[in-house]
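A quick write-up on the structure given underneath.
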Amino acid sequence: MNPAIGYTALISVSAITALIGFYGLRISRTTSDFYVASRTVPPWWNASAIGGEYLSAASFLGIAGLIMISGIDALWFPIGYTAGYLMLLFFVAAPLRRSGAYTIPDFAEARLESTAARHVTSVLVVVVGWFYIVPQLHGAALTIRTTTGLPAWVGAGAVVVIVCLTVITGGMRSITFVQAFQFWLKLTALAVPAVFILLQLHGGPTGSGAVPAGTDFFPAAAPAGAAGTYGTLSLMVALLFGTLGLPHVLVRFYTNPDGAAARRTTLIVLGLLSLFYLFPTIYGVVGRVFLPGLAAHGAPDATVLLLPGRLIGGLGGEILSTLVVAGAFAAFLSTTSGLVVSLAGVISQDLLGGSVRGFRIAAVAAAVVPLGVALGTDSLALAGSVGLVFAFTASTVCPLLLLGIWWRGLTDAGAVAGMLAGGVLCGASMLVGAQLAPDSPWRGILTQPAAWTVPVAFATMVAVSLATAGRQSPGVARFMSKLHVPERPHAAPGRAR
Amino acid sequence: MPPAALSDSTLVLTITIAVVVAAVAVVAAAGLRLSRSHRELGTDAERATFRTLHSAAAAGAQLRNGLEPAGALKASRQLRALLNCAAFAMTDGTRLLAWDGSGAASKEPDPEAVMGLAARALGNGRTQVAVLDSALRVSLGLPEEGSGLKAAVICPLNVDSRVVGTVIILSTQPSAGLVRATNEVAGWVSAQLELAELSASRTLLVESEVRALRAQISPHFIYNSLNAIASFINTDPQRARDLVVEFADFTRYSFRRHGDFTTLAEELRCIDRYLLLESARFGDRLQISLQIAPEVLSTVIPFLSLQPLVENAVRHGLEAREGPGLVQLSARDLGAYTQVTIEDDGVGMDPEELRNILAGQRDGTHVGLRNVDARLRQVYGDDHGLAIDTGVGQGMLITMTVPKNQPGHDA
Numbered sequence: 327m328n329p330a331i332g333y334t335a336l337i338s339v340s341a342i343t344a345l346i347g348f349y350g351l352r353i354s355r356t357t358s359d360f361y362v363a364s365r366t367v368p369p370w371w372n373a374s375a376i377g378g379e380y381l382s383a384a385s386f387l388g389i390a391g392l393i394m395i396s397g398i399d400a401l402w403f404p405i406g407y408t409a410g411y412l413m414l415l416f417f418v419a420a421p422l423r424r425s426g427a428y429t430i431p432d433f434a435e436a437r438l439e440s441t442a443a444r445h446v447t448s449v450l451v452v453v454v455g456w457f458y459i460v461p462q463l464h465g466a467a468l469t470i471r472t473t474t475g476l477p478a479w480v481g482a483g484a485v486v487v488i489v490c491l492t493v494i495t496g497g498m499r500s501i502t503f504v505q506a507f508q509f510w511l512k513l514t515a516l517a518v519p520a521v522f523i524l525l526q527l528h529g530g531p532t533g534s535g536a537v538p539a540g541t542d543f544f545p546a547a548a549p550a551g552a553a554g555t556y557g558t559l560s561l562m563v564a565l566l567f568g569t570l571g572l573p574h575v576l577v578r579f580y581t582n583p584d585g586a587a588a589r590r591t592t593l594i595v596l597g598l599l600s601l602f603y604l605f606p607t608i609y610g611v612v613g614r615v616f617l618p619g620l621a622a623h624g625a626p627d628a629t630v631l632l633l634p635g636r637l638i639g640g641l642g643g644e645i646l647s648t649l650v651v652a653g654a655f656a657a658f659l660s661t662t663s664g665l666v667v668s669l670a671g672v673i674s675q676d677l678l679g680g681s682v683r684g685f686r687i688a689a690v691a692a693a694v695v696p697l698g699v700a701l702g703t704d705s706l707a708l709a710g711s712v713g714l715v716f717a718f719t720a721s722t723v724c725p726l727l728l729l730g731i732w733w734r735g736l737t738d739a740g741a742v743a744g745m746l747a748g749g750v751l752c753g754a755s756m757l758v759g760a761q762l763a764p765d766s767p768w769r770g771i772l773t774q775p776a777a778w779t780v781p782v783a784f785a786t787m788v789a790v791s792l793a794t795a796g797r798q799s800p801g802v803a804r805f806m807s808k809l810h811v812p813e814r815p816h817a818a819p820g821r822a823r
Numbered sequence: 026m027p028p029a030a031l032s033d034s035t036l037v038l039t040i041t042i043a044v045v046v047a048a049v050a051v052v053a054a055a056g057l058r059l060s061r062s063h064r065e066l067g068t069d070a071e072r073a074t075f076r077t078l079h080s081a082a083a084a085g086a087q088l089r090n091g092l093e094p095a096g097a098l099k100a101s102r103q104l105r106a107l108l109n110c111a112a113f114a115m116t117d118g119t120r121l122l123a124w125d126g127s128g129a130a131s132k133e134p135d136p137e138a139v140m141g142l143a144a145r146a147l148g149n150g151r152t153q154v155a156v157l158d159s160a161l162r163v164s165l166g167l168p169e170e171g172s173g174l175k176a177a178v179i180c181p182l183n184v185d186s187r188v189v190g191t192v193i194i195l196s197t198q199p200s201a202g203l204v205r206a207t208n209e210v211a212g213w214v215s216a217q218l219e220l221a222e223l224s225a226s227r228t229l230l231v232e233s234e235v236r237a238l239r240a241q242i243s244p245h246f247i248y249n250s251l252n253a254i255a256s257f258i259n260t261d262p263q264r265a266r267d268l269v270v271e272f273a274d275f276t277r278y279s280f281r282r283h284g285d286f287t288t289l290a291e292e293l294r295c296i297d298r299y300l301l302l303e304s305a306r307f308g309d310r311l312q313i314s315l316q317i318a319p320e321v322l323s324t325v326i327p328f329l330s331l332q333p334l335v336e337n338a339v340r341h342g343l344e345a346r347e348g349p350g351l352v353q354l355s356a357r358d359l360g361a362y363t364q365v366t367i368e369d370d371g372v373g374m375d376p377e378e379l380r381n382i383l384a385g386q387r388d389g390t391h392v393g394l395r396n397v398d399a400r401l402r403q404v405y406g407d408d409h410g411l412a413i414d415t416g417v418g419q420g421m422l423i424t425m426t427v428p429k430n431q432p433g434h435d436a
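For the protein sequence lines, the chains are Y and Z, in the order given. Residue 823, in the numbering used here, is where the first sequence stops; the numbers in between run on with no holes. Residue 436, in the numbering used here, is where the second sequence stops; the numbers in between run on with no holes.
In structure tokens:
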């Protein structure tokens with residue numbers, strides 16, 4: 327591939343992101359526009375921002391890559407990634423918005439009135455965030471290597487440097503606008519080439535890539551359903567429950583003025599994600615036919631990057647490739663910066679006393695640690711490694727949120743015990759499972775542990791809470807009513823008279 | 026989906042190594058701290074002093090909210106250890122607040138009987154020693170094996186020479202020394218209660234200042250607004266009507282009774298109305314620029330903490346001089362904090378004079394500025410007072426930084 331494509335895409339995405347970040351709010355307003363400024367962001371815009379932050383390398387590159395490897399099974403990933411928002415909509419969005427907590431540790435402290443519970447939650451959130459950033463950096467490394475031929479560390483390093491610079495210089499001043507823009511960039515970057523690819527397959531003018539007659543997209547010889555019922559079930563549990571505890575998703579809900587708007591936003595997110603996931607699926611399916619060697623060569627995640635150039639030659643192909651690469655970088659940058667901002671908030675508040683300078687130091691720490699991990703490891707399936715992070719989140723933070731919101735009996739001791747039990751079991755089983763021989767019957771159960779670690783975490787939390795019922799926080803009734811009673815009606819604008 | 030898991034084994038390995046390293050670090054840090062605290066303790070006398078002071082400090086923290094049962098109980102535990110007596114109790118003027126005892130005295134007795142014991146000390150404000158004879162023991166509900174308990178010492182708690190409560194101890198070995206020590210403890214508790222009362226009256230002062238501020242939202246401003254509206258009644262009746270409605274909404278917000286906190290969005294709405302009214306008066310002379318990050322609109326801030334600052338900026342930026350004045354308002358997201366700045370390009374102020382105003386040494390026109398500063402310091406701590414950059418003729422830049430997460434405050 328022409329190296330210029332990679333450079334153009336990276337530089338233009340970074341420049342546009344920085345410009346929107348810096349100047350998005352530099353528009354002077356006079357009094358007559360005051361209402362526009364003081365009114366909150368409309369739900370669809372907010373939903374775009376959530377989508378922008380949520381759609382990571384795993385969604386942009388990883389799903390097509392997994393379809394290349396494991397066929398139809400991989401379609402469970404987009405289903406799970408989207409359906410997680412259904413859980414968020416039903417159980418978490420509105421109460422959490424009303425709680426007034428900005429981060430998950432804030433929520434734990436406010437609900438349980440315990441600093442110990444707060445610290446445990448903070449550690450878990452930071453671990454989750456770090457290991458969520460790692461696949462983003464792997465994706466960046468892969469993209470740079472595929473498009474420019476530079477060594478892999480350049481890609482990961484570039485993403486970390488760009489994110490650190492924008493966060494530290496306050497470039498994320500209008501982060502909602504940046505993230506909303508990134509969502510539409512990602513969608514365009516996948517949708518436009520996909521449309522051209524489909525046109526081409528329908529007997530386009532150049533004829534270089536018409537589908538050979540009688541092609542079977544999922545040939546029976548390569549059975550596509552190898553993961554089994556348990557694996558699928560476990561994956562769905564991980565993805566459904568894992569979405570609830572993602573640190574960077576939660577923060578975006580605070581831009582909603584009230585609980586009802588938070589629900590509306592979540593509903594729109596569901597629609598936007600469903601639309602988005604059509605396209606990686608198209609890339610994966612088409613890629614199985616036209617890039618058959620990629621899965622074997624060990625870089626199936628590059629399918630999305632290579633397909634437009636492979637099918638549509640010439641200048642058109644290069645322009646479309648640039649668009650796709652730009653979209654990929656938008657995915658790495660937006661998810662990484664969202665995570666770095668929320669991790670920096672948690673780290674600076676718990677370790678560095680919460681000053682502005684502490685926030686900057688924490689931002690660097692939040693980005694550099696995963697960079698080290700990413701450079702030291704080599705992950706081949708982005709969607710898979712993100713799936714592991716979801717399983718870990720589902721076994722730790724998710725029970726805290728669900729029980730904290732819906733069960734007044736939760737105590738600090740119960741929450742800490744449940745989170746530790748879930749975290750230790752989930753981490754240990756992933757670790758042990760990865761060392762087992764591929765044909766061991768335990769391997770499937772241990773490498774996809776969510777189906778049993780999530781219930782264990784919930785059960786531990788409930789049991790220990792019941793045993794320590796005397797430790798219930800004194801303000802639980804007040805906090806619960808704050809979570810579940812709709813906001814005062816006259817707080818809404820325009821209804822005052 | 027085996028290929029994904031296989032390829033992630035290195036990643037997972039790194040995760041474990043990281044977790045193990047973190048766990049070892051935590052254990053090591055805890056061990057180091059423990060061993061160091063043992064090494065540094067020094068001689069027996071030093072240790073005793075430390076223990077005494079530590080108990081006193083811990084009890085003092087519990088008494089910061091005055092005489093209330095939960096704090097009194099925790100303080101009683103510390104103080105009983107300090108005096109090494111069988112039971113330690115605290116009462117206010119009318120009821121038993123806390124009882125902490127060991128052995129025979131561990132069961133909380135009938136509150137009426139304890140109050141009977143405290144009645145004389147409450148009445149005459151002097152320390153009483155009561156011998157625990159069998160009648161008294163029965164009325165207190167002490168069990169038979171409690172016969173080792175010889176006497177009760179009852180010391181009054183005085184705040185501003187009023188008796189507000191008592192401290193009661195039961196002891197197996199009453200001595201003059203113990204009575205003196207109990208007296209000292211009661212005196213120390215009284216001092217803590219006086220501190221609590223002081224901080225309560227400081228809160229009251231700030232509250233009454235807020236009330237004054239609301240009432241004061243300037244007769245001045247009301248007069249000017251009504252005049253400005255009057256000038257539109259003939260020329261532009263619709264605008265006059267709108268302004269009256271704005272004026273009504275503004276006063277409704279400022280006079281609202283409930284709640285000490287509000288959201289940034291609501292406060293900005295109030296400022297919007299205020300500025301509409303002011304611009305009806307000043308016309309094109311008043312220029313306003315706004316940069317508000319939508320992420321911070323739901324931040325909780327003290328009620329009426331921004332509007333006085335904007336009013337101050339308008340007054341400084343426009344009233345005292347000729348020509349147009351620019352007021353800039355911005356709200357930024359700083360991670361865990363929200364930063365609001367208000368800037369005007371008006372006449373400014375001598376920093377020394379401003380310092381005197383904020384220290385409360387000069388009253389008069391700037392009650393709003395001082396009140397906002399005092400409330401911010403009271404609610405969020407001294408680091409969160411107003412930061413003001415100004416000089417004569419240099420305009421004024423006011424920066425306010427509040428934490429985004431405030432679980433205890435409902436808007």
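For each residue, glycine too, the CB sits at the ideal point set by N, CA and C.
Hey, does residue i have any beta-carbon neighbour from chain Y nearer than 8 Å?
i                        : result
lysine 132 of chain Z    : no
proline 319 of chain Z   : yes
aspartate 285 of chain Z : no
alanine 290 of chain Z   : yes
Taking the alpha-carbon of residue i as reference, which of the options has the nearest alpha-carbon?
i                            : options                                   : result
leucine 701 of chain Y       : Y:Gly465, Y:Ser338, Y:Leu401 and Y:Val493 : Y:Gly465
threonine 607 of chain Y     : Y:Leu392, Y:Trp370 and Y:Leu726           : Y:Leu392
valine 214 of chain Z        : Z:Thr197, Z:Ile193, Z:Gly360 and Z:Leu229 : Z:Ile193
arginine 378 of chain Y      : Y:Leu387, Y:Arg444, Y:Ala506 and Y:Val650 : Note on residue identity: the sequence assigns glycine, not arginine, to residue 378 of chain Y. Per the Cα distances, Y:Ala506.
leucine 728 of chain Y       : Y:Met745, Y:Leu617 and Y:Leu714           : Y:Met745
threonine 514 of chain Y     : Y:Thr773, Y:Ile645, Y:Gly475 and Y:Ala754 : Y:Ile645
phenylalanine 275 of chain Z : Z:Ala290, Z:Pro262, Z:Arg298 and Z:Asp285 : Z:Arg298
Identify every residue that forms a DSSP beta bridge with residue i.
i                            : result
arginine 769 of chain Y      : Answer is none; arginine 769 of chain Y lacks a bridge partner.
cysteine 295 of chain Z      : Cysteine 295 of chain Z pairs with nothing; no bridge assigned.
phenylalanine 286 of chain Z : Z:Pro327
tryptophan 24 of chain Z     : Residue 24 of chain Z lies beyond the residue range present for chain Z, which begins at 26 and ends at 436; the question has no answer from this structure.
Tell me which residues share the same chain as residue i and place their Cβ nearer than 8 Å to its Cβ, disregarding the 5 neighbours each side in the sequence.
i                      : result
alanine 546 of chain Y : Only weak support is given to the placement of alanine 546 of chain Y: the predicted model assigns it a pLDDT of 46, under 50, and the question is left unresolved by the model.
serine 164 of chain Z  : Asp135, Ala138 and Gly141
Tell me which residues share the same chain as residue i and place their Cβ nearer than 7 Å to its Cβ, disregarding the 5 neighbours each side in the sequence.
i                         : result
isoleucine 342 of chain Y : none
proline 549 of chain Y    : Since pLDDT at proline 549 of chain Y reaches only 46, below the 50 mark, its modelled position is unreliable, and the value read off the structure follows with that caveat. There are no such residues.
threonine 592 of chain Y  : Tyr411, Leu414, Leu415 and Ala419
Residues of chain Y with CB closer than 9 Å to the CB of residue i, please, in chain order.
i                        : result
tyrosine 362 of chain Z  : Gly680, Ser681, Val682 and Phe685
lysine 99 of chain Z     : What lysine 99 of chain Z touches in chain Y: nothing, since even the nearest Cβ is about 14 Å away.
aspartate 267 of chain Z : Going along chain Y, no residue has its Cβ under 9 Å from aspartate 267 of chain Z, so there is no contact; the nearest lies around 12 Å.
Between residue i and the rest of its own chain, which residues show a CB-CB distance below 6 Å, the 5 nearest in sequence each way excluded?
i                      : result
alanine 130 of chain Z : Ala111, Ala112 and Leu195
glycine 740 of chain Y : Met787, Val790 and Ser791
Give me the chain Z residues within the contact set of residue i, using Cβ-Cβ distance strictly less than 7 Å, ordered along the chain.
i                        : result
leucine 598 of chain Y   : Within chain Z, no residue comes near leucine 598 of chain Y; the closest Cβ sits about 19 Å away, beyond 7 Å.
glutamine 675 of chain Y : Ala361
Taking C-beta pairs closer than 7 Å, name the residues in chain Y that residue i reaches, listed in chain order.
i                     : result
valine 372 of chain Z : Residues of chain Y passing the Cβ test: none, with the nearest at roughly 22 Å.
If we cut at 8 Å on Cβ distances, does residue i have a partner in chain Z?
i                        : result
glutamate 435 of chain Y : yes
threonine 777 of chain Y : Before going on, a small fix: residue 777 of chain Y reads as alanine here, not threonine. Cβ-Cβ to chain Z under 8 Å: no for alanine 777 of chain Y.
lysine 512 of chain Y    : no
alanine 335 of chain Y   : no
I'd like to know whether the C-beta of residue i is nearer than 8 Å to at least one C-beta of chain C.
i                         : result
asparagine 430 of chain Z : This model lacks chain C altogether; the protein chains it does include are Y and Z.
In chain Y, which residues lie with their C-beta within 8 Å of the C-beta of residue i?
i                     : result
valine 325 of chain Z : Gly426
Run down chain Z in chain order and give the residues with a C-beta less than 9 Å from the C-beta of residue i.
i                         : result
isoleucine 501 of chain Y : Ala318, Glu320 and Asp358
leucine 736 of chain Y    : Within 9 Å Cβ-Cβ: nothing; leucine 736 of chain Y doesn't reach chain Z, min ~16 Å.
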